[in-house]
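When we follow the UniProt record's numbering, the leftmost residue of the sequence shown carries the number 1, and every step to the right adds one.
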Amino acid sequence: MLPQVSVIMPAYNQATWLPEALDALLAQTFEDWECLIISDGSPDNVASVANLYTQKDKRITFFDTTNAGVSAARNFGISKARAAYILPLDADDKISAGYIAACFTKLGSAAGIKVVYGAAEKFGAVNGPWILPEYSFDELLLSNCIHPCGMFKKADWESIGGYDEQMLDGIEDWEFWINLLKDGGKAVRANDAVFYWRRKEESRTTKITTEKSVRLQRYIYNKHATLYERFFTDPIALYNGYRSVHKNWKWAQQNPFRFFVSRFRKKITST
1 MLPQVSVIMP AYNQATWLPE ALDALLAQTF EDWECLIISD GSPDNVASVA NLYTQKDKRI
61 TFFDTTNAGV SAARNFGISK ARAAYILPLD ADDKISAGYI AACFTKLGSA AGIKVVYGAA
121 EKFGAVNGPW ILPEYSFDEL LLSNCIHPCG MFKKADWESI GGYDEQMLDG IEDWEFWINL
181 LKDGGKAVRA NDAVFYWRRK EESRTTKITT EKSVRLQRYI YNKHATLYER FFTDPIALYN
241 GYRSVHKNWK WAQQNPFRFF VSRFRKKITS T
């Protein structure tokens with residue numbers, strides 16, 4: 001029989017933390033899953049660590065690919081996945097024991113739900129809750145309010161062409177969520193499940209400079225220009241608005257969504 005959930009685990013220089021991610025997976029209360037570990041041309045000993053687990057549990061498989069970035073690794077893994085439901089989980093992160101069960105139940109609970117994700121906590125170099133804004137599509141266009149470990153359907157991944165493999169420097173998950181939800185559908189949080197996001201002294205995320213961040217965001221805005229124009233006056237004005245946050249910081253902190261919407265949201269009038 002086919003598994004119900006495929007966990008997609010790209011790995012690059014993460015052999016040190018891979019056992020922690022896999023042990024958390026083996027502790028899941030929901031057992032009908034498979035895990036595909038994809039080495040993105042990793043130069044460390046991730047293959048030997050992964051193979052210890054493939055021998056331990058037949059639900060785990062390992063693939064060694066050439067280095068092409070996390071999006072390509074995820075896409076490769078999902079293309080090989082046998083389940084209808086997909087859960088991306090990076091090899092240095094982990095999930096609570098009931099995570100797959102909670103997300104699986106919610107994703108199948110109602111028509112129109114496209115993504116289910118858990119609450120989030122940081123661990124490692126920084127510890128504590130990772131507070132993300134409540135999801136709305138407007139909010140998602142402004143900033144990523146869904147962490148990378150959201151469950152979705154393989155059919156929906158296929159319909160949008162997967163993760164953007166041109167995005168090699170980060171925030172590819174944000175662009176994926178925008179692409180997945182732009183034509184409708186809901187993103188729902190399962191608050192009784194927890195995604196643990198490892199924070200390191202240096203990582204792909206911490207290496208994103210302000211200049212690189214602006215470039216990555218501009219790429220997303222340009223790619224989805226028509227979509228942004230439906231919601232906002234001008235993507236360039238949006239950037240200028242972000243800068244103005246510093247001049248109105250106290251009010252922006254108290255009313256972040258209203259702050260941005262008041263400056264950029266197009267007024268909808270009946271025709």
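Beta carbons: idealized from backbone N, C-alpha and C, even for Gly.
Because the structure is a prediction, the values reported are computed rather than measured.
* Separation of Trp17 from Asp169, as counted between CA atoms -> 21 angstroms
* Asked: At which residues does the alpha helix (DSSP H) containing Cys103 begin and terminate?
  -> Tyr99 to Leu107
* To do: Could you spell out where the beta strand (DSSP E) holding residue 276 opens and where it closes?
  => Since the first residue of the chain shown is 1 and the last is 271, residue 276 is not available in this structure.
* In whole angstroms, what separates the C-alpha of Met1 from that of Glu34? -> 12 angstroms
* To do: Return the first residue and the last residue of the beta strand (DSSP E) that Ser39 is part of.
  => Trp33 to Asp40
* Asked: Hey, Asp156 and Ser71: beta-carbon distance below 9 angstroms or not?
  -> no
* To do: Using DSSP bridges, identify the partner residues of Leu87.
  => Val7
* Quick one: residues in its chain with C-beta nearer than 7 angstroms to the C-beta of Lys186, no 5 flanking neighbours on either side, listed in chain order? => Excluding positions up to five away in sequence, the list reads Gly112, Ile113 and Lys114.
* Asked: What first and last residue would you give for the beta strand (DSSP E) that runs through Ala190?
  -> Lys186 to Arg199
* Through-space distance from Ala120 to Val126, alpha-carbon basis -> Rounded to the nearest whole angstrom, the C-alpha separation of Val126 and Ala120 is 13 angstroms.
* Asked: Can you check whether the CB of Asn51 is closer than 9 angstroms to the CB of Phe62?
  -> yes
* Asked: On the three-state DSSP scale, how would you describe Ile171?
  -> coil
* Buried or exposed for Val214, please, with buried defined as at least 16 other CB atoms from any protein chain shown within 10 angstroms of its CB. => exposed
* Asked: Can you tell me the Cα-Cα spacing of Tyr117 and Val188, whole angstroms?
  -> 7 angstroms
* **Beta-carbon contacts of Lys94 that lie in its chain and below 6 angstroms, excluding the five residues immediately before and after** => Glu20, Ala21, Ala24 and Tyr196
* Asked: Nearest CA to the CA of Pro102: which residue from Leu36, Gly150 and Ala11?
  -> The question names Pro, but residue 102 is Ala in the sequence shown. Looking at the Cα atoms, Gly150 is the closest of the given residues.
* What are the boundary residues of the alpha helix (DSSP H) that Gly77 is part of? -> In this chain, the alpha helix (DSSP H) harbouring Gly77 covers Val70 to Lys80.
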